[in-house]
Amino acid sequence: MHKFSLYIIIALFSFTGLAHFIWVDFFLDIMPPWILWQKELVYLSGGIELACAILLMFHRTRRIAAWCLIALLIAVFPANIQMLINYLHEHNPHLWIAIVRLPFQPLLIWWVYSFAKSRNLKSQ
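Printed below as a string of C-alpha coordinates:
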(Lines of atoms letter the chains of each structure in order from A; the text may use other names.)
(Lines give C-alpha, C1' and ligand atoms only; values in the text may rest on other atoms or scores of the structure.)
Protein backbone atom coordinates (compact mmCIF):
# COMPACT_ATOMS: atom_id res chain seq x y z
CA MET A 1 0.00 0.00 0.00
CA HIS A 2 2.85 2.39 0.80
CA LYS A 3 4.32 1.74 -2.65
CA PHE A 4 0.98 2.57 -4.30
CA SER A 5 0.82 5.76 -2.21
CA LEU A 6 4.28 6.66 -3.47
CA TYR A 7 3.18 6.22 -7.08
CA ILE A 8 0.17 8.45 -6.47
CA ILE A 9 2.26 11.22 -4.89
CA ILE A 10 4.78 11.03 -7.76
CA ALA A 11 1.94 11.35 -10.29
CA LEU A 12 0.35 14.20 -8.34
CA PHE A 13 3.52 16.28 -8.16
CA SER A 14 4.41 15.47 -11.77
CA PHE A 15 1.01 16.76 -12.88
CA THR A 16 1.05 19.87 -10.70
CA GLY A 17 4.65 20.60 -11.65
CA LEU A 18 3.77 20.46 -15.34
CA ALA A 19 0.64 22.53 -14.68
CA HIS A 20 2.86 25.43 -13.61
CA PHE A 21 4.25 25.55 -17.16
CA ILE A 22 0.94 24.95 -18.94
CA TRP A 23 -1.45 27.16 -16.94
CA VAL A 24 0.94 29.90 -15.88
CA ASP A 25 -1.81 32.52 -15.66
CA PHE A 26 -3.77 30.50 -13.11
CA PHE A 27 -0.76 30.37 -10.80
CA LEU A 28 0.04 34.04 -11.39
CA ASP A 29 -3.52 34.94 -10.40
CA ILE A 30 -3.16 33.29 -6.99
CA MET A 31 0.24 34.78 -6.19
CA PRO A 32 0.01 37.26 -3.32
CA PRO A 33 0.64 40.77 -4.67
CA TRP A 34 3.49 41.39 -2.21
CA ILE A 35 5.62 38.63 -3.74
CA LEU A 36 8.24 39.77 -6.25
CA TRP A 37 9.30 37.88 -9.38
CA GLN A 38 5.96 36.12 -9.61
CA LYS A 39 6.35 34.50 -13.02
CA GLU A 40 9.83 33.28 -12.20
CA LEU A 41 8.56 31.79 -8.93
CA VAL A 42 5.71 30.02 -10.73
CA TYR A 43 8.23 28.38 -13.05
CA LEU A 44 10.66 27.68 -10.20
CA SER A 45 8.02 26.04 -8.01
CA GLY A 46 6.82 23.95 -10.97
CA GLY A 47 10.38 22.89 -11.70
CA ILE A 48 10.95 21.96 -8.07
CA GLU A 49 7.77 19.89 -8.04
CA LEU A 50 8.85 18.04 -11.19
CA ALA A 51 12.38 17.49 -9.93
CA CYS A 52 11.15 16.22 -6.58
CA ALA A 53 8.64 13.90 -8.26
CA ILE A 54 11.53 12.38 -10.20
CA LEU A 55 13.74 12.17 -7.09
CA LEU A 56 10.94 10.43 -5.18
CA MET A 57 11.27 7.53 -7.63
CA PHE A 58 14.66 6.51 -6.28
CA HIS A 59 15.18 5.22 -2.76
CA ARG A 60 18.51 7.07 -2.40
CA THR A 61 16.97 10.48 -3.11
CA ARG A 62 13.46 9.92 -1.75
CA ARG A 63 14.08 11.40 1.69
CA ILE A 64 15.65 14.65 0.43
CA ALA A 65 12.93 14.97 -2.23
CA ALA A 66 10.25 14.59 0.43
CA TRP A 67 11.83 17.24 2.66
CA CYS A 68 12.15 19.61 -0.31
CA LEU A 69 8.48 19.07 -1.13
CA ILE A 70 7.50 19.76 2.46
CA ALA A 71 9.43 23.04 2.33
CA LEU A 72 7.78 23.90 -0.98
CA LEU A 73 4.29 23.10 0.33
CA ILE A 74 4.89 25.44 3.25
CA ALA A 75 6.32 28.15 0.97
CA VAL A 76 3.36 28.11 -1.42
CA PHE A 77 0.70 28.16 1.31
CA PRO A 78 0.27 31.96 0.97
CA ALA A 79 -0.90 31.34 -2.60
CA ASN A 80 -3.69 29.12 -1.26
CA ILE A 81 -4.74 31.91 1.09
CA GLN A 82 -4.56 34.42 -1.77
CA MET A 83 -6.76 32.14 -3.89
CA LEU A 84 -9.36 32.15 -1.11
CA ILE A 85 -9.20 35.94 -0.82
CA ASN A 86 -9.52 36.36 -4.59
CA TYR A 87 -12.47 33.97 -4.83
CA LEU A 88 -14.22 35.73 -1.94
CA HIS A 89 -13.84 39.15 -3.59
CA GLU A 90 -14.89 37.82 -7.00
CA HIS A 91 -17.87 35.88 -5.61
CA ASN A 92 -16.37 32.98 -7.53
CA PRO A 93 -18.65 29.91 -7.63
CA HIS A 94 -15.56 27.75 -7.05
CA LEU A 95 -14.95 29.30 -3.64
CA TRP A 96 -15.47 25.88 -2.09
CA ILE A 97 -12.31 24.64 -3.86
CA ALA A 98 -10.25 27.40 -2.26
CA ILE A 99 -11.74 26.56 1.14
CA VAL A 100 -11.02 22.83 0.78
CA ARG A 101 -7.47 23.53 -0.37
CA LEU A 102 -6.45 25.12 2.92
CA PRO A 103 -6.84 22.08 5.20
CA PHE A 104 -5.69 19.81 2.38
CA GLN A 105 -2.22 21.37 2.47
CA PRO A 106 -1.31 20.02 5.95
CA LEU A 107 -2.65 16.61 4.91
CA LEU A 108 -0.45 16.71 1.83
CA ILE A 109 2.52 17.66 4.00
CA TRP A 110 1.78 14.72 6.30
CA TRP A 111 1.52 12.39 3.30
CA VAL A 112 4.87 13.55 1.90
CA TYR A 113 6.37 13.32 5.39
CA SER A 114 5.61 9.60 5.40
CA PHE A 115 8.32 9.27 2.74
CA ALA A 116 10.74 11.62 4.52
CA LYS A 117 10.72 9.69 7.78
CA SER A 118 10.80 6.20 6.35
CA ARG A 119 13.95 4.25 7.25
CA ASN A 120 13.41 1.25 4.99
CA LEU A 121 13.62 3.15 1.72
CA LYS A 122 14.51 0.18 -0.51
CA SER A 123 11.26 -1.65 0.19
CA GLN A 124 9.08 1.25 -0.89
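Each residue of the sequence shown is one higher than the one before, counting from 1 in UniProt numbering. Glycine included, each C-beta is placed from N, C-alpha and C at the ideal position. Only a predicted model underlies this, so the values are computations on that prediction, with no experimental measurement involved.
For L36, the three-state DSSP class (helix, strand or coil): As a position in the sequence shown, residue 36 is number 36, starting the count at 1. The answer is coil: DSSP assigns L36 none of H, G, I, E or B.
Sequence-distant residues of its chain with Cβ nearer than 7 Å to A105 (five each side left out): Along the sequence shown, read from residue 1 onward, the residue named residue 105 stands at position 105. The sequence as given places Gln at residue 105; Ala does not occur at that position. Once the five neighbours on either side are set aside, the close Cβ partners of Q105 are L73, F77, N80.
Three-state class that DSSP yields for R60 in the structure shown: Numbered from 1 along the sequence shown, position 60 holds the residue referred to as residue 60. In the structure shown, R60 sits in coil (DSSP, three-state: anything other than H, G, I, E or B).
Neighbourhood of I70 by C-beta distance below 7 Å, restricted to the same chain and skipping five residues each side: For the purposes of this step, residue 70 is taken as the residue at position 70 of the sequence shown. So the list reads I109, V112, Y113, A116, once near-sequence residues are dropped.
Short Cβ contact (8 Å threshold) for C68 with I48: As a first step, residue 68 must be located in the sequence shown, where it is residue number 68. As a first step, residue 48 must be located in the sequence shown, where it is residue number 48. In this structure, I48 lies closer than 8 Å to C68 by Cβ.
Nearest to Q82 (by Cα), restricted to the options F13, I35, L55, L44: Looking up residue 82 in the sequence shown gives position 82. Checked all of F13, I35, L55, L44; the closest Cα to Q82 is I35.
C-alpha gap between P32 and E40, whole angstroms: Translated into the one-based positions of the sequence shown, residue 32 becomes position 32. Translated into the one-based positions of the sequence shown, residue 40 becomes position 40. One C-alpha to the other measures close to 14 Å.
Residue nearest to E90 in terms of C-alpha spacing, selected from H20, D29, R101: Here the question's residue 90 lines up with position 90 in the sequence shown. Nearest of H20, D29, R101 to E90, Cα basis: D29.
8 Å Cβ shell around residue 125 - same chain, five flanking residues per side excluded: Since the first and last residues shown for the chain are 1 and 124, residue 125 lies out of range.
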